[in-house]
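This report concerns only the one structure given below.
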Amino acid sequence: MLNESERKQAAQSMLQAEREAKPVVQLTTTYPGISIEDAYAVQSEVIAAKLAAGRRVVGHKIGLTSKAMQAASGVNEPDYGVLLDDMFYSDGETLQTGRFIVPRIEVELAFVLGSRLKGPGVTLFDVLRATEYVTPALELIDGRSKYPRKIQDNIADNAATGGVIVGGRSMRPLDLDMRWVAAILSKNGVVEESGVAAAVLGHPAMGIVWLANKLAAFSVALEAGHFVLAGSFTRPVAVRQGDTVHVDYGALGSIATHFA
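Structural data, given as structure tokens:
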């Protein structure tokens, strides 16, 4: 376990890495005793500093939703991070690659809530009732500490959140079988990844169930209007300057972005 001073120091190192777009040494190397509880505390310190600078919480993200990724990270449940108002980009927008360290793209569905969700005891049907609409979204993940990383490094780094690119066609949650939403990711015209949303815990809404119940232990709710990324159903695809990414969600449209 870390003491309060070490948690604050760890948070400052994450903030510095983001400002300078240069990764720091893994926190699990600098602080060998860091626990998952410590890592979430460091994440909270980072978010608090950004809120103090004027940013605003607009939602959450869920990561490590596939069994393969959990096994690779040595954990048996997902992790989560916080989405802030300045993380969002639109379909077709050009992103400045120099802002990021090791940018990668993941393919997801996002849930926009019409009513509040607070655990414990939240079910799949509660999530469907509370969701105003579901929309395609790409998560740009990044790493403010060096790789390879342990789960504590990922959590402390706000679950590797770098940005969110939103586009495609929004749908009401009961107007489609979300398990069968499929997507094809192409980079520079070459197909790199494809997948179906059922890869996220069997149903992407189950990611929201997990998060609402997990946050209940901290007396935190998912609020009406919150934008929640349910988890990726493809492997991350690395991008660099000059790359163009296009993701085809079939009936739900597509999202494209260019890295300058």
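Take 900 as the starting number for the sequence shown in our numbering and just add one per residue. Here a beta-carbon is modelled for each residue, glycine too, at the ideal position from N, C-alpha and C.
Could you tell me which of the options sits nearest to residue i, measuring between CA atoms?
i	options	result
residue 1102	1033, 944, 1122 and 1114	1033
residue 1126	908, 1011 and 924	1011
residue 1086	1025, 1154, 1118 and 1131	1154
residue 1039	987, 927 and 1089	987
residue 1051	950, 1016, 1009 and 962	962
residue 941	955, 1055 and 1145	1055
residue 924	1144, 908 and 936	908
Give a yes or no on whether the minimum CB-CB distance between residue i and chain D is below 8 angstroms.
i	result
residue 1028	This model lacks chain D altogether, as it is built from one protein chain only.
Give me the Cβ distance between residue i and residue j, rounded to the nearest whole Å; I'm assuming they're in contact under 8 angstroms.
i	j	result
residue 1037	residue 1000	Going by Cβ atoms, the distance from residue 1037 to residue 1000 rounds to 18 angstroms, so no, they are not a contact pair.
residue 898	residue 958	Residue 898 is absent from the model: the chain starts at 900 and stops at 1159.
residue 1142	residue 1158	5 angstroms
residue 1023	residue 1098	The pair is not a contact, with the Cβ atoms about 16 angstroms apart (cut-off 8 angstroms).
residue 1060	residue 960	6 angstroms
residue 1115	residue 1018	3 angstroms
residue 1144	residue 1092	With a Cβ gap of about 10 angstroms, residue 1144 and residue 1092 do not count as contacting.
Does residue i pass the burial test, meaning 16 or more other C-beta atoms within 10 Å, or should it be called exposed?
i	result
residue 906	buried
residue 1053	buried
residue 1110	buried
residue 1044	buried
residue 1124	exposed
residue 984	exposed
residue 919	exposed
residue 1133	buried
residue 995	exposed
residue 1074	exposed
If we ignore side chains and look at the alpha-carbon of each, how far apart do residue i and residue j end up?
i	j	result
residue 1129	residue 930	30 angstroms
residue 1076	residue 1048	35 angstroms
residue 1004	residue 1062	9 angstroms
residue 1026	residue 1112	11 angstroms
residue 1131	residue 1080	12 angstroms
residue 945	residue 914	7 angstroms
residue 976	residue 1119	19 angstroms
residue 933	residue 1041	21 angstroms
residue 1140	residue 1100	33 angstroms
residue 998	residue 900	32 angstroms
residue 1149	residue 1094	12 angstroms
Could you give the DSSP three-state label for residue i: helix, strand or coil?
i	result
residue 1113	helix
residue 904	helix
residue 1009	strand
residue 1061	strand
residue 931	coil
residue 1072	helix
residue 1082	strand
residue 1040	strand
residue 944	helix
residue 987	strand
residue 1142	coil
residue 997	helix
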